[in-house]
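Residue numbers (the working numbering), protein chains in the order written: chain V, 1 to 149; chain R, 1001 to 1149.
Cβ coordinates follow ideal geometry from the N, Cα and C atoms, glycine included.
Here is the structure we will look at.
Protein chains: 2
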Amino acid sequence: MEAIKNKRMPVYPISIAAKLLGISIPTLRMYEKEGLIIPHKSSGNQRIYSEMDLERLRCIRRAINESKISINGIKSIYSLIPCWEVVKCSESDRKTCNAFQSHEQPCWTFNHPNTICENRDCRECDVYEKYSQCGSIKDLIKNISGIST
Amino acid sequence: MEAIKNKRMPVYPISIAAKLLGISIPTLRMYEKEGLIIPHKSSGNQRIYSEMDLERLRCIRRAINESKISINGIKSIYSLIPCWEVVKCSESDRKTCNAFQSHEQPCWTFNHPNTICENRDCRECDVYEKYSQCGSIKDLIKNISGIST
DNA sequence: AATAGTTAATATTTACAACTATCAACTTTC
DNA sequence: GAAAGTTGATAGTTGTAAATATTAACTATT
Chain V
1 MEAIKNKRMP VYPISIAAKL LGISIPTLRM YEKEGLIIPH KSSGNQRIYS EMDLERLRCI
61 RRAINESKIS INGIKSIYSL IPCWEVVKCS ESDRKTCNAF QSHEQPCWTF NHPNTICENR
121 DCRECDVYEK YSQCGSIKDL IKNISGIST
Chain R
1001 MEAIKNKRMP VYPISIAAKL LGISIPTLRM YEKEGLIIPH KSSGNQRIYS EMDLERLRCI
1061 RRAINESKIS INGIKSIYSL IPCWEVVKCS ESDRKTCNAF QSHEQPCWTF NHPNTICENR
1121 DCRECDVYEK YSQCGSIKDL IKNISGIST
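Spelled out as structure tokens, the structure:
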């Protein structure tokens, strides 16, 4: 048995996740329906949340409750993540990719037929994993621009 | 007398602007207080709106009413505009610039002491003028990244 | 096989952001 | 200089996004 604590490992059923976050179960489902989070699913289609999922959700809650950014606002912000630079997709990938065009939905809410992302799991993609907060998104934009330091 | 129609020319007092947009005067003042718009001011401190201001405001209204993005969401989105690439500020400018750090407020809501923006009027800056809609912001991010076509 | 927890879907509640109204002091217009 | 319009500020209203409750069918646990 692995005793290593893995933040990515799905461990919490929805009732526990809701309790830990202090919100209701339908709210968690809504965040998922809106594309803000992609929880792992069991073989019987039940949601299982990891420690990282909880961190992500706390970040989302802060955006909603403290920063007063609406869910659609968060989605729009996520849609601005320069995913093409993170996954290093090709020019032809970009040409057909719906996510590349969108400024309303995060890229991980799209199918990606005929792109480098086609058979990848967005849940394990850096775009989804690393850029869940606004600050890190701006940092990424800084990095991809021609900035020295 | 110039007969040329200049979209940048301030011409509408607040009552007319409000009527043209179908909103109340206090709402227009609120958008300004939130930093979404910078109307021209007369010598007696009265607001005067240009055709471009109205276009900008229609864009903001669409974001709020149709896209359901909250005002703070719009501010956060504006804060992600890579202004440093537009105004071509120096590394030392960036080091001290509050706007460069922020992911909550658009750059034009900050003072810019000791930067290239110090004595410039944000109202006439490309950052403010050209990137009032989400789509154009993503296009700018695309342009500054190492994308070919 | 019985109990507890989950699913998706719909209906309902609630908190508050967005907006409006009103005010006395000031500016503009004719 | 009188009438009309604007200023910032405060108080009040309202539409609806966000959150919750409830349901019958399903999955997991003992």
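- Quick one: residues in its chain with C-beta nearer than 8 Å to the C-beta of Ser76/V, no 5 flanking neighbours on either side, listed in chain order? Taking the first residue of the first sequence as 1, we reach residue 76/V at position 76. So the qualifying residues of the chain are His103, Glu104.
- Task: Go to Ile1064/R, then tell me how far its alpha helix (DSSP H) extends in each direction, as first and last residue.
- Result: Within the second sequence, the letter at position 64 stands for residue 1064/R. First-last of the alpha helix (DSSP H) with Ile1064/R: 1051-1065.
- Query: Which residues, in order along the stretch 82-114 of chain V, keep a beta-carbon less than 9 Å from a beta-carbon of chain R?
  - Reply: Pro82, Trp84, Glu85, Glu91, Arg94, Lys95, Phe100, Gln101, Ser102, His103, Glu104
- Message: Can you tell me whether Arg1094/R is buried or exposed? The criterion is at least 16 other CB atoms within 10 Å of its CB, across all chains shown.
- Response: On the second sequence, position 94 is the one that residue 1094/R refers to. Burial check for Arg1094/R: the Cβ neighbour count within 10 Å reaches 16 or more, so the residue is buried.
- Per-residue burial, Ile16/V [other beta carbons within 10 Å of its own, 16 or more giving buried]: What you label residue 16/V is simply residue 16 of the first sequence in a count that begins at 1. Per the 10 Å Cβ criterion, exposed.
- Is Arg120/V buried or exposed, if buried means 16 or more other CB atoms sit within 10 Å of its CB? One-based indexing of the first sequence puts residue 120/V at position 120. Answer is exposed; the Cβ neighbour count stays below 16.
- Message: Below 7 Å on C-beta distance, what does Ile1141/R contact in chain V?
- Response: Taking the first residue of the second sequence as 1, we reach residue 1141/R at position 141. Near Ile1141/R (Cβ distances below 7 Å), the residues of chain V are Leu80, Pro82, Ile141.
- Task: Under the assumption that Ile1144/R contacts Pro1082/R (Cβ atoms under 8 Å), give the Cβ distance between them as a whole number of angstroms.
- Result: Residue numbering aside, residue 1144/R sits at position 144 when the second sequence is read from its first letter. Residue numbering aside, residue 1082/R sits at position 82 when the second sequence is read from its first letter. About 6 Å; that satisfies the 8 Å criterion.
- Nearest-angstrom Cα distance between Glu1129/R and Arg1123/R? Position 129 of the second sequence, counted from the start, is the residue given in the question as residue 1129/R. Position 123 of the second sequence, counted from the start, is the residue given in the question as residue 1123/R. Near 7 Å, if we compare the C-alpha coordinates of Arg1123/R and Glu1129/R.
- Message: Rounding to the nearest angstrom, what Cα-Cα distance links Ser24/V and Ala18/V in this structure?
- Response: Stepping through the first sequence from its first residue, residue 24/V is reached at position 24. Stepping through the first sequence from its first residue, residue 18/V is reached at position 18. Distance between the alpha carbons of Ser24/V and Ala18/V: 6 Å.
- Determine the closest residue to Pro10/V out of His112/V, Met52/V, Thr27/V, with distance taken between C-alpha atoms. Within the first sequence, numbered from 1, the residue matching residue 10/V stands at position 10. With distances taken between Cα atoms, Pro10/V lies closest to Met52/V.
- Between the C-alpha atoms of Ser67/V and Arg1029/R, what's the straight-line distance to the nearest angstrom? Counting from 1 along the first sequence, the entry for residue 67/V is found at position 67. Counting from 1 along the second sequence, the entry for residue 1029/R is found at position 29. Roughly 21 Å between the two C-alpha positions.
- Query: Quick one: which chain R residues come within Cβ less than 7 Å of Ile69/V?
  - Reply: Translated into positions along the first sequence, residue 69/V becomes position 69. Here the neighbours are Ser1070, Asn1072, Gly1073, Ser1076.
- Message: By alpha-carbon positions, which one of Thr1115/R, Ser1050/R, Ile1048/R ends up nearest to Lys1088/R?
- Response: Start at 1 with the first residue of the second sequence, and residue 1088/R comes out as number 88. Here the closest residue by C-alpha is Thr1115/R.
- Message: I'd like to check one pair, Asn65/V with Ile1069/R: are the Cβ atoms closer than 8 Å?
- Response: By one-based count along the second sequence, residue 1069/R stands at place 69. By one-based count along the first sequence, residue 65/V stands at place 65. The answer is no: Cβ separation not under 8 Å.
- Task: Flag Lys7/V as yes if its beta-carbon sits less than 8 Å from any beta-carbon of chain R, otherwise no.
- Result: By 1-based counting over the first sequence, the position of residue 7/V is 7. Closer than 8 Å: no.
- Can you grab the Cα-Cα spacing for the pair Tyr131/V / Lys1138/R, in whole Å? Counted from its first residue, the first sequence places residue 131/V at position 131. Counted from its first residue, the second sequence places residue 1138/R at position 138. Taking the straight line joining both Cα atoms gives about 16 Å.
- To which residues of the same chain is Arg56/V closer than 7 Å at the C-beta, ignoring the five residues directly before and after it? The residue you call residue 56/V lines up with position 56 of the first sequence. Only Ile37, Ser132 meet the Cβ criterion.
- Task: Name the residue from Glu1085/R, Gly1135/R, Ser1136/R, Thr1096/R whose alpha carbon lies nearest to the alpha carbon of Ile141/V.
- Result: Counting from 1 along the first sequence, the entry for residue 141/V is found at position 141. Considering only alpha carbons, the answer is Glu1085/R.
- Answer with yes or no whether the minimum CB distance from Ser132/V to chain R is below 8 Å. In the first sequence, the residue the question calls residue 132/V occupies position 132. Chain R contact via Cβ: absent.
- Item | Exposure of Ser50/V, with buried meaning 16 or more beta-carbon neighbours within 10 Å | Your numbering for residue 50/V matches position 50 in the first sequence. With 16 or more Cβ atoms within 10 Å of its Cβ, Ser50/V is classed as buried.
- Message: In the DSSP output, which residue or residues are listed as bridge partners for Tyr12/V?
- Response: Indexing the first sequence from 1 puts residue 12/V at position 12. The partner list for Tyr12/V (beta bridge, DSSP) reads Tyr49/V.
- Message: Tell me the DSSP secondary structure of Lys7/V in three-state form.
- Response: Looking up residue 7/V in the first sequence gives position 7. Note: Lys7/V maps to coil in three-state DSSP.
- Contacts of Ser15/V in chain R (Cβ-Cβ under 9 Å): In the first sequence, counting from the first residue as 1, residue 15/V sits at position 15. Within 9 Å of the CB of Ser15/V, no CB atom of chain R is found; the nearest one sits about 30 Å away.
- Cβ shell of Met1001/R (< 6 Å), same chain only, five flanking positions each side left out: Residue numbering aside, residue 1001/R sits at position 1 when the second sequence is read from its first letter. Any reading at Met1001/R must be qualified, since the residue scores a pLDDT of 48, below 50, and its modelled position is unreliable; the value itself is stated next. Nothing listed; no residue qualifies.
- Can you check whether the CB of Leu1021/R is closer than 8 Å to the CB of Arg1047/R? Taking the second sequence and counting its residues from 1, one reaches residue 1047/R at position 47. Taking the second sequence and counting its residues from 1, one reaches residue 1021/R at position 21. No. Outside cutoff.
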